[in-house]
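Presented below is the structure to which this report refers.
In the working numbering, the protein residues as written are 84 to 238.
Encoded structure:
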């Protein structure tokens, strides 16, 4: 993918920029595109989740959530690259949310029973992961200059 000039105001009207943000795992992005795309993705995911829940309860809601896993990972990967982290770094953060979704699809969230300690632990892990991701990917600046993932997106 060619270098994207994130300082251009018209960039948000460019479908290629959105495709890059949500579907590519290569390169680096600065904080503003990360926040704009994350906000848009979460708003769409929220409405999809609500519609799916109304249609089929927790399992359908989880399937809708899993549909947004790929673009969420693509977005987070590019931001992690800007911070100098590999894709494996994100596994620690996305794994608990993925496991909760799998338990939802299997119907274990409605009747927790003996899985209550597991689900509570995963819930706490998800909360900690969200806070850590907001700080690391959303607030801290990227590495200056070029790193192993490409040139600085603001240069």
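For each residue, glycine too, the CB sits at the ideal point set by N, CA and C.
Of all Cβ atoms in chain C, is any one closer than 8 Å to the Cβ of residue i?
i, result
"residue 93", "Considering every chain present, this structure includes no chain C. It has just one protein chain."
Leaving out five residues on either side along the sequence, give the residues of the same chain with a beta carbon under 8 Å from the beta carbon of residue i.
i, result
"residue 149", "181, 184 and 188"
"residue 157", "104, 105, 106, 107 and 108"
"residue 223", "166"
"residue 98", "none"
Residue j and residue i - do their beta-carbons sit closer together than 8 Å?
i, j, result
"residue 143", "residue 135", "yes"
"residue 226", "residue 166", "yes"
"residue 72", "residue 208", "Residue 72 is absent from the structure shown; the chain starts at 84 and stops at 238."
"residue 124", "residue 155", "yes"
"residue 118", "residue 221", "yes"
"residue 87", "residue 102", "no"
Taking C-alpha atoms, which residue in the options lies nearest to residue i?
i, options, result
"residue 211", "175, 236, 222 and 201", "175"
"residue 232", "112, 218, 202 and 139", "112"
"residue 229", "222, 221 and 238", "238"
"residue 201", "186, 99, 94 and 88", "186"
"residue 126", "137, 141, 146 and 151", "151"
"residue 218", "91, 198, 159 and 197", "159"
"residue 177", "92, 138 and 206", "206"
"residue 153", "133, 128, 138 and 164", "128"
How would you label residue i, buried or exposed, when you count the other beta carbons within 10 angstroms and need 16 or more for buried?
i, result
"residue 114", "buried"
"residue 104", "buried"
"residue 29", "Lying before the first or after the last residue shown, residue 29 is absent from the chain, which here runs from 84 to 238."
"residue 96", "exposed"
"residue 216", "buried"
"residue 84", "At residue 84, the pLDDT of 48 sits below 50, so the modelled position is not reliable and the matter cannot be decided from this model."
Once the 5 residues before and after residue i are set aside, which same chain residues still bring their CB inside 7 Å of it?
i, result
"residue 116", "89 and 104"
"residue 145", "184, 187 and 188"
Within the same chain, show all residues whose beta-carbon is closer than 6 Å to that of residue i, passing over the 5 residues directly before and after it, in chain order.
i, result
"residue 120", "104 and 158"
Is there contact between the stretch 102-119 and the stretch 161-176, where contact requires at least three CB pairs shorter than 8 Å?
-> yes
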